[in-house]
Amino acid sequence: MKLTVAPHAAFRICQLTDLHFGSVPLNPADQRTINALKHFFMHHTYDLIIVTGDLIWENDTPRDSLNLFYEVLNETGTPVAVTYGNHDTEGSLTRAEIRSFESDLRLPAPKENVYTTVNRENYTLDIYAGDVMQNRLFVWDSGDYLNWGLGKGYAPLEFEQIDWYLKLSQADKRTTRMDLGFLHIPVPEYVDAADFILEGSMGEQICPSDYNSGLFYEMMRQHDIKGLFAGHDHNNNFRSRLGDIELDYGNVTGYNAYGVTKRGVREIELYEDHFETRVVTFE
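Going from the sequence shown to our numbering is simple: count from 1 and add 30.
Quick look at the structure:
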């Protein structure tokens with residue numbers, strides 16, 4: 031299976047983020063999330079659904095909870111891609127074990143250029159118009175917490191993950207590119223980008239890692255990724271721009287989590303030479 035788009039047409043992406051499903055049986059907030067998603071997907075169709083982390087938290091039955099969520103996604107008949115956040119492996123399971131549950135997806139999006147560190151998986155989603163790759167989506171697992179001598183706080187991307195991107199970018203000789211990136215924890219440049227909000231709102235302090243391992247700098251050098259999409263901060267759903275790159279948030283999706291932001295999704299319409307994006311709330 032390939033991800034395909036008709037020439038000059040939009041490839042429609044739905045970003046879900048921060049579901050925060052607890053254990054089965056689901057509590058009323060989690061059931062509200064399931065019901066909202068079922069109703070939403072009855073009225074909206076996409077070419078790809080991407081979930082950018084924190085699918086679960088404080089969860090003793092993660093596969094059972096994810097199965098209920100994945101059943102909703104399976105009913106859409108849409109390819110699904112997943113990456114993970116800081117809460118997904120706070121239980122007893124490793125990231126590899128949580129990733130293995132993606133086998134319950136009926137239409138997993140085709141991962142290309144898979145690169146796995148000790149516990150994180152990066153990959154691309156390549157979108158074709160005919161036999162030509164028109165766009166590439168880079169997906170990073172941004173990890174969870176610092177667990178060595180630097181102290182406490184959120185983990186940065188590893189240098190190996192950035193080098194993976196750099197090698198792929200340099201190997202692709204196209205002169206014009208309109209690629210996107212997805213991850214859970216925002217990179218530190220989101221703090222600067224908050225001074226240049228184009229749309230949406232900032233309702234809380236931005237919470238990246240305290241350590242900048244250099245992804246945004248390499249994106250600026252390579253001139254290929256034009257939009258980076260994060261989750262993590264539930265009260266932030268803004269679009270912003272630094273240089274020629276948008277640094278955007280998804281929109282918190284799950285009701286079983288803190289935050290006053292209306293729950294919903296971020297839509298992205300990706301073309302050969304530009305993209306358009308907006309938040310769509312369940313209400």
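Cβ coordinates follow ideal geometry from the N, Cα and C atoms, glycine included.
Closest in alpha carbon position to residue 210, among 304, 66, 64, 59, is 304.
By the C-beta criterion, the stretch 222-238 is judged to be in contact with the stretch 270-280, since at least 3 inter-stretch pairs fall below 8 Å. Residue 80 has its alpha-carbon roughly 16 Å from the corresponding atom of residue 34. Secondary structure at residue 199: helix, using DSSP grouped into helix, strand and coil. Taking the CA atoms as reference points, residue 143 sits about 30 Å from residue 67. With fewer than 16 other beta carbons inside 10 angstroms of its own, residue 107 counts as exposed. Bounds of the beta strand (DSSP E) holding residue 158 are 151-159. As a beta-bridge residue in DSSP terms, residue 209 pairs with 255. Sixteen is the threshold: since fewer than 16 other Cβ atoms of the shown chains lie within 10 Å of the Cβ of residue 122, the residue is exposed. In the displayed model, residue 225 falls within a helix according to three-state DSSP.
Taking the C-beta atoms as reference points, residue 117 is found nearer than 8 Å to residue 86.
By the CB criterion at 8 Å, residue 300 and residue 40 fall inside the cutoff. Looking from the CA of residue 93, the closest CA among 268, 129, 45, 75 belongs to 129.
If you draw a straight line from the Cα of residue 237 to the Cα of residue 219, it is about 11 Å long. Just so you know, the alpha carbons of residue 32 and residue 256 end up roughly 22 Å apart. The beta-bridge partner set that DSSP reports for residue 294 consists of 311.
The beta-carbon distance between residue 167 and residue 155, rounded to whole angstroms, is 4 Å. This is short enough to meet the 8 Å contact definition. Membership of residue 63 in the alpha helix (DSSP H) is indicated by the continuous run 58-73. Taking C-beta atoms under 8 Å as the contact rule, residue 82 and residue 260 qualify, at a distance of about 7 Å.
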